[in-house]
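Notes follow once the structure below has been shown.
In structure tokens form, the structure reads like this:
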């Protein structure tokens, strides 16, 4: 069959024609970088091991580990759902990255794999993330901070467990994320009819128990906004030697405690005619507390009036340092959540099965972890602090012609690719010798 020609407007006197006879060309040659990272850490192979495979071995054409790798690499390359894989299964860059020489699994096969996920698989997948986190440290750190935060995933169909959330003003899920620095530890799907702190205490207890098996002397800090202020969590932290820095909503008693310092801040603002902020530390005991705790107030006065904020801390430290350097640092976690939700499609929870939707969060989390392991090889380069979407654009979405025979696979990239020097150096770091 002769390929159909596409005719564009001419360039001066020359015709511009195009067709689809260029052979095997990919837009994702950079997936070979993730292949090398995955070979070093065995992330997708380990993830596949948590799924049960009821198929008859003699009839299996696509193995679990290759299908899991296909899905994770697809998410990393910017393809959010199964429909994309009807065409992607023939992409030779993806086939090579996955470790296949022939067609990959189609959308129906991938869907059946996803629907095998259950609670046990999700728990084991999280344990893999925790083990991987431990493996990235040559020696126990003196201190780690566990950041807890929730976000919304809009729900538009008949997914199980959907509820209308008044704060977000739509039907949604409300997953819980836990990060330690840039390391993803938990991406746990929840319904949106409960508070921010739902199941947080249980997850914190499991995490602390796991980490202390390997790092018994490491200081652990629990950090979250006022949605995670619950006396039960704080009491558990006190009993188990876990520090905490947690926001607390303002109330009449807290505001009364800061009447005098707030007046001084207000007077200073009037004199300087610009925004003024100070911190004030004091001891406070709510009715439900057995003993007082340290509270740090951030007192701010500006054109829009007063804006006091409060945090509870188990540490006796300088108020400015506790609020601005330690508590406000949790804001960086929101960028990591954006990587998950906006760049790696953790919000594609459109399945009618609960655990399949949870599994999609796991796939997104492992794609994110692959990018973070790739970032470890990008130190002192322009890519070191780029988001996952920028790393994908500059390093993964690389056009190339692919020629395969029995002896070799040739990936021919454009000589005008703007980052060829950086890519060359990166491959040398990933594949030494």
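Numbering (full-length UniProt numbering), first residue to last: 1 to 433.
By construction, the Cβ of each residue, glycine as well, lies at the ideal position given by its N, Cα and C atoms.
Please read all numbers here as calculations on a predicted model, not as lab measurements.
Per DSSP, the unbroken beta strand (DSSP E) holding residue 309 starts and ends at 309–313. Counting along the chain, residue 413 sits inside no alpha helix (DSSP H); it lies in the beta strand (DSSP E) bounded by residues 409–413. Its chain contains 148, 246 as the residues whose beta carbon lies nearer than 6 Å to that of residue 224, once the 5 sequence neighbours on both sides are disregarded; these appear in chain order. Three or more beta-carbon pairs separated by less than 8 Å are not found between the region 43–52 and the region 76–84, which leaves the two stretches without contact. Between the region 61–72 and the region 350–367 there are three or more inter-stretch CB-CB distances shorter than 8 Å, so the stretches are counted as touching. Between residue 294 and residue 282, the gap from beta carbon to beta carbon is short of 9 Å.
Residue 69 carries a helical assignment under DSSP once its states are collapsed to helix, strand and coil. Distance from the CA atom of residue 136 to the CA atom of residue 426, rounded to whole angstroms, is 19 Å. By the neighbour-count criterion, in which a residue is buried when 16 or more other Cβ atoms sit within 10 angstroms of its Cβ, residue 280 is buried. Taking residue 278 as the centre and dropping the five residues before and after it, the same chain places the C-beta of 265, 299 closer than 6 Å to its C-beta, in chain order. With fewer than 16 other beta carbons inside 10 angstroms of its own, residue 209 counts as exposed.
It is roughly 10 Å from the alpha-carbon of residue 258 to the alpha-carbon of residue 252. Checking the DSSP bridge columns, you'll see residue 278 partnered with 299.
Partner residues in the beta bridge of residue 165, as assigned by DSSP, are 170. Beyond the five residues adjoining it in sequence on each side, residue 315 comes within less than 7 Å, by CB distance, of 243, 322 in the same chain, given in chain order. Going by DSSP, residue 147 is part of the beta strand (DSSP E) stretching over 143–150. Taken in chain order, the unbroken stretches of beta strand (DSSP E) that lie wholly in the region 191–233 and span 3 residues or more are 219–224.
The criterion of a C-beta distance shorter than 9 Å is satisfied by residue 201 and residue 232. Note that the C-beta distance between residue 192 and residue 168 is below 9 Å. An exposed status is given to residue 289, since fewer than 16 other beta-carbon atoms sit within 10 Å of its beta-carbon. By the neighbour-count definition (other C-beta atoms within 10 Å, threshold 16), residue 164 is an exposed residue. For residue 179, the beta-bridge partners assigned by DSSP are 147, 184. Cα atoms of residue 359 and residue 347: separation of roughly 11 Å, rounded to the nearest angstrom.
Contact between residue 53 and residue 140 is ruled out by a C-beta separation of about 37 Å, above the 8 Å threshold. Between the beta-carbon of residue 394 and that of residue 419 there is about 6 Å, and that keeps the pair under the 8 Å contact cut.
Per the DSSP secondary-structure output, residue 25 pairs in a beta bridge with 401. Residue 136 has no beta-bridge partner at all, per DSSP. Ranking 157, 320, 107, 145 by CA distance to the CA of residue 62 puts 107 first.
By the Cβ criterion, the region 90–99 is in contact with the region 24–33, since at least three pairs of Cβ atoms, one from each stretch, lie closer than 8 Å. Per DSSP, the continuous alpha helix (DSSP H) segment holding residue 32 begins and ends at 31–41. Excluding sequence positions up to five before and after residue 414, its CB lies within less than 7 Å of the CB of 399, all in the same chain and listed in chain order.
With respect to the 9 Å criterion, residue 129 and residue 37 are not classified as neighbours on the basis of their beta carbons. Non-local beta-carbon contacts of residue 339 in its own chain, meaning distances under 7 Å to residues more than five positions away in sequence, involve 368, 387, 388 in chain order. When C-alpha distances from residue 336 are compared across 408, 180, 234, 376, the shortest belongs to 180. The beta carbon of residue 301 lies closer than 8 Å to those of 262, 265, 266, 268, 269, 275, 276, 277, 307 in the same chain, with the five residues before and after it left out. Straight across, the Cα-Cα distance linking residue 126 with residue 138 is about 21 Å.
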